[in-house]
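Novice: Please find one structure pasted underneath; my questions will follow.
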Amino acid sequence: MVDRAYTDAELEAAIAAIADPERLRQAQDVVARSAPSLQRVLATALEEGGWFDTGHKQAVREAARYDDVSERVRAVQTMLAEETRLGMLVGVAVGFELARELAGSQTTEED
């Protein structure tokens, strides 16, 4: 894997390529096979980054403080959406590093 900045066009082309149902299925198969290990890495990254410690507890307290049920539900939904986005972004970072590691191991095996 080449360490360089990718252009917007390259990123868009790559995203379009992996949106292909067959490519996506293959990627999902890889993730399913390695899910337990990836989950541990993701949990460690989130914990070490401090993503879900004090900030998470504060967000839960804020979401739960509303007396009005509809406001509380909206606050919880917002919190869950934000945490989901954060988890996805950290997961993508883990995925990039996994791809880099796998590409490096292929280069070593080919040498």
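1095 is the number of the first residue of the sequence shown in my numbering; add one for each residue after it. Cβ atoms here follow ideal geometry from the backbone N, Cα and C, with glycine treated the same way.
1. Would Ala1153 and Met1182 qualify as a contact pair, given that the criterion is a beta-carbon distance under 8 Å?
2. Less than 8 Å between the C-beta atoms of Asp1121 and Ile1112, yes or no?
3. Does DSSP put Val1159 in a helix, a strand or coil?
4. What did DSSP end up calling Arg1168 once you bin it into helix, strand or coil?
5. What does the alpha-carbon distance come out to for the pair Gly1171 and Val1184?
6. I believe Leu1156 touches Ala1175 by the beta-carbon criterion, under 8 Å. Please report the beta-carbon distance rounded to the nearest angstrom.
7. Is Val1188 closer than 8 Å to Ala1139 when the C-beta atoms are compared?
8. What residue range does the alpha helix (DSSP H) around Arg1134 cover?
9. Does the Cβ-Cβ distance between Leu1192 and Trp1145 come in under 8 Å?
Specialist: In brief:
1. No, the pair does not count as a contact, with Cβ atoms beyond the cut-off.
2. Just to set this straight, residue 1121 is Ala in the shown sequence, not Asp. Yes, Cβ-Cβ distance for Ala1121 and Ile1112 is below 8 Å.
3. Before going further, note that residue 1159 is Arg rather than Val in the sequence given. Three-state DSSP puts Arg1159 in coil, outside helix and strand.
4. Note: Arg1168 maps to helix in three-state DSSP.
5. The identity of residue 1171 in the sequence shown is Gln, whereas the question assumes Gly. Distance between the alpha carbons of Gln1171 and Val1184 is about 20 Å.
6. Inspection of the sequence shows that residue 1156 is occupied by Glu rather than by Leu. Contact flag wrong, Cβ pair sits at about 14 Å.
7. Contact: yes.
8. Note, Arg1134: alpha helix (DSSP H), 1115-1142.
9. The beta carbons of Leu1192 and Trp1145 sit no closer together than 8 Å.
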